[in-house]
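Protein chains in written order, with the UniProt record's numbering: chain A, 1 to 313; chain B, 1 to 313; chain C, 1 to 313; chain D, 1 to 313. What follows is a single structure, written as structure tokens, with notes after it.
4 protein chains.
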Amino acid sequence: MTRIAFLGPRATFTEQALRSMPEAAEAELVPCTGSPAVLAAVRDGSADLGCVPIENTVEGAVPAVLDGLVADPPLVIVREAALAVRFALLARPGTALGDVRTVASHPHAIAQTRDWLAARLPDAEVLMSASTSEAAAQVARGEFDAAVSAPLAAEQHGLEVLADDIADNAGAVTRFALVSPPGPLPAPTGYDRTSLAATTQNRPGALLGLLTELAVRGIDLTRIESRPIKDRHAEYWFHLDCTGHVAEPAMGEALAALHRRCDRVRFLGSYPRATNGATAAPSTSPLPIGGADAAQFAAAQKWLDAVRAGGAA
Amino acid sequence: MTRIAFLGPRATFTEQALRSMPEAAEAELVPCTGSPAVLAAVRDGSADLGCVPIENTVEGAVPAVLDGLVADPPLVIVREAALAVRFALLARPGTALGDVRTVASHPHAIAQTRDWLAARLPDAEVLMSASTSEAAAQVARGEFDAAVSAPLAAEQHGLEVLADDIADNAGAVTRFALVSPPGPLPAPTGYDRTSLAATTQNRPGALLGLLTELAVRGIDLTRIESRPIKDRHAEYWFHLDCTGHVAEPAMGEALAALHRRCDRVRFLGSYPRATNGATAAPSTSPLPIGGADAAQFAAAQKWLDAVRAGGAA
Amino acid sequence: MTRIAFLGPRATFTEQALRSMPEAAEAELVPCTGSPAVLAAVRDGSADLGCVPIENTVEGAVPAVLDGLVADPPLVIVREAALAVRFALLARPGTALGDVRTVASHPHAIAQTRDWLAARLPDAEVLMSASTSEAAAQVARGEFDAAVSAPLAAEQHGLEVLADDIADNAGAVTRFALVSPPGPLPAPTGYDRTSLAATTQNRPGALLGLLTELAVRGIDLTRIESRPIKDRHAEYWFHLDCTGHVAEPAMGEALAALHRRCDRVRFLGSYPRATNGATAAPSTSPLPIGGADAAQFAAAQKWLDAVRAGGAA
Amino acid sequence: MTRIAFLGPRATFTEQALRSMPEAAEAELVPCTGSPAVLAAVRDGSADLGCVPIENTVEGAVPAVLDGLVADPPLVIVREAALAVRFALLARPGTALGDVRTVASHPHAIAQTRDWLAARLPDAEVLMSASTSEAAAQVARGEFDAAVSAPLAAEQHGLEVLADDIADNAGAVTRFALVSPPGPLPAPTGYDRTSLAATTQNRPGALLGLLTELAVRGIDLTRIESRPIKDRHAEYWFHLDCTGHVAEPAMGEALAALHRRCDRVRFLGSYPRATNGATAAPSTSPLPIGGADAAQFAAAQKWLDAVRAGGAA
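Shown next, in the form of structure tokens:
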């Protein structure tokens with residue numbers, strides 16, 4: 001039976017995202033304490049796959065995930081899920097909003113519902129928990145009156161939803177990644193993403209050169225983030241999410257170019273872009289200047305082959 | 001008396017960083033729950049200044065800070081501090097390492113000391129707290145035996161340091177920013193940093209164009225991070241930290257260029273680069289290709305003035 | 001009285017172009033042998049201005065002009081004229097096409113009318129002359145039967161036009177430049193051209209860097225040509241014609257940038273673009289990405305001034 | 001027997017360059033009137049190969065050659081020769097310098113020896129001829145006293161060298177190209193040049209994009225020249241000479257990229273760089289940033305193949 005480690009505890013947004021992935025259907029889902037523990041479980045073989053938040057999470061583990069992905073031995077992302085972040089106020093059955101004297105949650109969840117709490121529960125004491133799920137558990141144990149949490153935690157802990165959709169800013173989306181040891185790649189779907197990380201020499205224009213390799217081949221970026229390299233002054237890993245699949249000629253050529261140019265490149269996976277969240281719609285770039293289109297690449301290669309064979313050009 | 005809000009609770013790394021800044025010497029320091037609360041306090045005038053982590057923090061608030069800085073009304077960074085992150089194991093006086101059955105801390109701190117804990121306290125139960133400081137408070141109250149925390153918390157909570165420098169990876173540094181409403185800028189020191197954020201149209205090469213404006217003027221990047229814009233599909237704020245001061249011609253010209261090119265640009269401050277951490281040493285870029293040097297700019301301007309006046313060129 | 005040297009002899013396309021310029025109205029026009037002689041006459045003061053072909057000429061003097069413009073002392077272009085090149089077959093009055101046994105012209109003019117001559121005068125002997133005008137003079141002296149020449153030469157030498165518009169490719173245009181010692185610049189008209197030349201270090205990407213300085217400021221190129229520098233292995237002058245006037249902020253900033261970046265830069269003039277030839281219509285660039293617009297520059301500068309003064313940004 | 005057309009008349013620099021090429025050893029050399037005639041002869045099969053000046057010539061045919069090369073049907077360059085341009089003063093045997101009353105030559109040759117003529121023959125009348133060789137012929141026929149010409153013309157016309165190396169600027173070099181219909185390419189030598197021409201849409205940055213495709217692949221330019229496209233307003237052929245051979249991966253990938261990006265691309269040949277002139281020495285680029293090195297390309301491709309096969313990266 002497939003074992004999938006995930007950022008725990010149970011009943012958080014990460015478990016909710018994981019359950020949306022087909023790999024979770026028949027698998028044993030194993031909560032871990034912290035994203036580094038998830039990655040470690042996949043690396044040491046105690047789990048076959050791992051699920052971690054990778055962007056815009058309310059629980060804040062992203063830098064640790066990025067740093068962890070470039071460690072050794074290699075891991076690759078094989079699937080992503082985008083989850084609209086939705087906060088609910090959970091309480092024990094029978095609790096009315098007017099009864100709530102104490103509210104607990106993870107600090108980030110508190111921060112993202114601050115306005116709602118101030119307006120609707122101005123007199124309640126707000127307390128911090130280690131996670132939104134832990135807050136729900138504490139409510140279930142009677143330690144606090146209410147928790148700001150993923151709706152999923154209600155069922156998990158036998159609570160009721162006192163108020164739903166209480167985030168001050170609707171529309172926040174978190175991306176989650178399913179990571180695996182290297183192996184056969186997910187097949188291209190025509191709507192894929194490739195994640196990679198690279199380091200360059202520390203000189204002006206180095207990042208520009210790296211991005212130019214992508215741009216000239218028509219590859220669009222959907223995320224970029226620099227992460228300082230531990231113990232090295234002023235050196236960085238650049239984490240990039242790009243449109244396309246490494247099996248396609250544009251992305252393949254770009255990756256080979258980065259391999260020539262950069263001190264280190266880590267391929268972190270090509271996988272279908274999530275279709276159940278805000279990033280679902282195909283990009284409609286008004287200016288496909290470089291030609292990431294496979295047909296263009298094939299036509300250009302055919303022409304080049306003719307030129308090299310001494311034909312008319 | 002100056003009031004400075006900071007990411008609380010007391011006795012965390014943020015307070016330690018704040019205390020290293022001259023502004024803190026005579027000020028009232030006010031802990032807030034969450035970085036958004038710190039920024040809100042400065043915006044609503046309940047604090048004069050605010051101190052928040054901005055990069056590589058163990059407590060994970062960075063995305064919230066970035067998103068918060070580009071909100072309205074404007075805020076600017078007026079100082080930074082770089083703090084070598086140092087974890088200690090704290091316990092009540094008289095506790096020996098062999099007595100420790102339970103260890104509490106923030107999940108990120110646990111993650112960063114996992115190896116040490118596994119080697120030295122293999123049988124201890126590890127528990128999560130809302131912050132490293134809260135864990136220390138819990139130890140002081142007798143709820144747990146030991147806390148992984150900043151050494152500062154020992155004094156704060158009447159604890160002793162059972163073991164110091166227990167991070168698995170030494171050398172991690174967190175940067176903290178002191179933010180203020182707009183006002184007179186810190187004077188250039190010759191070793192400054194400028195923070196800014198910009199949005200561009202979502203088309204291939206847009207980020208490349210933005211970075212080219214910096215590169216051609218010899219401006220080096222020390223950090224880049226994209227943040228999705230809430231409620232807008234596939235649009236991003238790019239957060240950039242650059243070398244130089246807006247009062248200098250290279251940076252001024254570059255900022256004006258971004259103003260022309262980008263949909264939105266936010267100047268987030270020019271301030272001295274921290275000298276007490278890993279980012280202290282002046283960059284020794286081997287290839288100053290663009291000419292960020294003020295003397296070069298002055299010479300070029302003088303030549304241009306002569307050309308425009310009809311002189312020989 | 002103003003003296004204007006021009007590439008002679010009389011009655012060539014250069015004189016025709018010069019006569020279209022307002023400066024020629026009251027001036028003494030002095031033919032010189034070769035474009036270098038024209039430039040020399042302006043440099044040594046024996047002429048006030050000089051007129052030379054600068055692009056796509058049928059008489060081929062362009063490389064010599066480019067090399068001559070970057071010599072010392074400096075010269076600048078103050079006006080250009082674009083002339084649709086039009087060849088006619090000239091003969092003495094009373095000559096019929098069937099009488100023509102010999103045709104003379106400059107080799108380039110012969111080359112550009114080869115098809116017409118082959119079709120209409122298949123049996124005529126074709127002979128070379130030093131210029132199209134000299135060929136006309138030779139016809140006037142009775143040495144040959146007909147000359148391929150500018151129509152202007154008919155009047156000059158008392159000849160008649162046997163056939164007009166005989167170029168094999170209609171639509172060829174030659175640009176001519178009026179050069180002057182440095183002095184007050186022509187006023188911007190909103191539809192100007194700036195000529196410049198620059199040298200860079202011989203390393204990959206050097207030209208790219210130079211062109212990037214123009215592109216990021218929204219400046220379009222209308223001509224580029226590399227010329228090897230005499231006696232220097234693998235070093236080049238790059239000759240560029242750009243849209244815009246040095247008095248405008250975009251071009252001024254770009255020129256200052258080239259001054260910082262390049263080993264040498266020569267400003268070769270800002271002057272109205274010719275409106276009587278093929279290059280007359282305003283460019284309708286579909287993508288003004290950089291912002292060469294003066295209003296954008298002014299707005300950006302105003303914003304920068306506010307930022308530097310500590311205002312909100 | 002191979003027939004090679006060349007820019008005539010006989011005894012000019014073009015014939016001298018052609019005779020330095022191995023293909024000329026056993027061939028019939030056929031002078032043509034004008035470079036267009038040379039190209040036409042190769043296209044219509046009346047010659048197997050053609051030799052024309054392509055850069056920096058004293059006889060000025062270069063623009064016609066560039067325009068001619070991109071016409072149809074296709075032609076490619078298979079060899080180049082670099083010739084140090086050397087002018088001599090030729091006269092009939094027995095003539096002394098003091099006897100020279102008239103000097104004839106092509107206008108460009110006159111221009112390039114103007115200072116010498118002014119100093120040494122201040123009283124001689126200077127007259128124009130259709131070519132340097134024609135001037136020598138005229139001297140041989142007794143029409144003038146002396147000719148400025150290639151030394152080769154002395155032998156051809158039974159003249160003597162009155163003075164050698166009389167160019168005002170020593171060191172000028174002309175490049176000549178041997179053109180052929182498409183066929184098997186010259187083998188790579190490790191020190192090759194590739195000529196190509198491309199057109200792009202007329203929008204800001206179009207040329208920059210084109211050059212970026214070369215620069216990111218470590219390909220250096222040795223010549224660039226824009227040529228207006230006949231009958232099209234503001235559209236250009238960009239003629240480029242680059243280091244490298246199309247059989248090499250860097251150049252192949254770059255050409256394919258241009259094929260995707262540009263409206264039209266013409267491959268104009270890969271051939272050994274001339275070693276007998278000023279461009280002989282290998283370039284010692286201080287900054288091979290892109291990686292034109294075949295070994296780097298092979299290593300990158302091997303890595304990419306492993307990534308695509310699901311291996312560790």
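Yeah, the Cβ is synthetic: ideal placement off N, Cα and C, and Gly gets one too. Since the structure is predicted, the reported quantities are computational estimates derived from the model, not experimental observations.
For residue i, return the contacting residues in chain C, with the cut-off set at a CB-CB distance below 8 angstroms.
{"i": "D/Ile224", "result": "Leu207, Ile224, Glu225, Ser226 and Phe238"}
{"i": "B/Leu185", "result": "Arg308 and Gly310"}
So residue i contacts chain A; which residues on that side make the cut at Cβ distance below 8 angstroms?
{"i": "B/Leu211", "result": "Leu207, Leu208 and Leu211"}
{"i": "D/Gln16", "result": "What D/Gln16 touches in chain A: nothing, since even the nearest Cβ is about 29 angstroms away."}
If the cut is a Cβ gap below 9 angstroms, which residues of chain D does residue i touch?
{"i": "C/Glu134", "result": "Met128"}
Counting only Cβ pairs nearer than 8 angstroms, list the residues of chain B close to residue i.
{"i": "A/Ile110", "result": "Thr33 and Gly34"}
{"i": "C/Ala294", "result": "Those do not exist, as C/Ala294 stays about 11 angstroms from chain B at its closest Cβ, beyond 8 angstroms."}
{"i": "residue 365 of chain C", "result": "Look at the range of chain C in this structure, 1 to 313, and you will see that residue 365 of chain C is not part of it."}
Which bits of chain D does residue i rub up against, with CB to CB less than 8 angstroms?
{"i": "A/Leu304", "result": "Val246, Gly252, Leu255, Ala256 and His259"}
In or out: residue i buried (at least 16 other Cβ within 10 Å) or exposed?
{"i": "D/Gly291", "result": "Low confidence applies to D/Gly291: its pLDDT is 40, below 50, so where it sits in the model is not reliable enough to give any reading."}
{"i": "C/Arg79", "result": "buried"}
{"i": "B/Gln201", "result": "exposed"}
{"i": "C/Pro22", "result": "exposed"}
{"i": "A/Thr199", "result": "buried"}
{"i": "C/Arg101", "result": "exposed"}
{"i": "D/Met1", "result": "exposed"}
{"i": "A/Asp220", "result": "buried"}
{"i": "A/Arg217", "result": "buried"}
{"i": "C/Asp115", "result": "exposed"}
{"i": "B/Arg273", "result": "buried"}
{"i": "B/Asp67", "result": "buried"}
{"i": "A/Pro36", "result": "buried"}
{"i": "A/Asp241", "result": "buried"}
{"i": "B/Arg193", "result": "buried"}
{"i": "B/Leu39", "result": "buried"}
So with CB distances below 7 angstroms, who are the chain D contacts of residue i?
{"i": "C/Leu221", "result": "Leu207"}
Interface residues of chain C around residue i at Cβ under 9 angstroms?
{"i": "D/Arg114", "result": "Thr33, Gly34, Pro36, Ala37 and Ala40"}
On the DSSP letters alone, give me the boundaries of the beta strand (DSSP E) that residue i sits inside.
{"i": "D/Glu176", "result": "As written in the sequence, residue 176 of chain D is Phe, which differs from the Glu given in the question. D/Phe176 -> beta strand (DSSP E) spans Val173 to Ser180."}
{"i": "C/Phe6", "result": "Arg3 to Leu7"}
{"i": "B/Ala147", "result": "Ala146 to Ser149"}
{"i": "C/Ala41", "result": "Unbroken run through C/Ala41 is the alpha helix (DSSP H), Ser35 to Arg43; no beta strand (DSSP E)."}
{"i": "D/Glu125", "result": "Glu125 to Met128"}
{"i": "A/Leu29", "result": "Glu28 to Cys32"}
{"i": "B/Leu162", "result": "Glu160 to Asp164"}
Residue i lies in the alpha helix (DSSP H); which residues open and close that run?
{"i": "B/Asp305", "result": "Ala294 to Arg308"}
{"i": "residue 321 of chain B", "result": "It is not possible to answer for residue 321 of chain B, since the shown part of chain B is limited to 1 through 313."}
{"i": "A/Glu15", "result": "Phe13 to Arg19"}
{"i": "A/Ala153", "result": "Leu152 to His157"}
Residue i touches chain G at which residues, Cβ-Cβ below 7 angstroms?
{"i": "D/Pro107", "result": "This model lacks chain G altogether; the protein chains it does include are A, B, C and D."}
Anything in chain B within Cβ reach of residue i, meaning under 7 angstroms, just list it in chain order.
{"i": "C/Gln301", "result": "Ala256"}
Please go through the UniProt domain "ACT" (195-272) of chain D and give each complete alpha helix (DSSP H) segment of 4 or more residues, from N-terminal end onward.
For the UniProt domain "ACT" (195-272) of chain D, the full-length alpha helix (DSSP H) segments reaching 4 residues or more read 206-215 and 249-261 along the chain.
Give, in chain order, every unbroken run of the alpha helix (DSSP H) that is at least 4 residues long and sits entirely within the segment 47-116 of chain D.
-> The qualifying runs are 62-69 and 107-112.
For the segment 186-200 of chain C, enumerate the residues whose C-beta is nearer than 7 angstroms to any C-beta of chain B, in chain order. Within the segment 186-200 of chain C, no residue qualifies.
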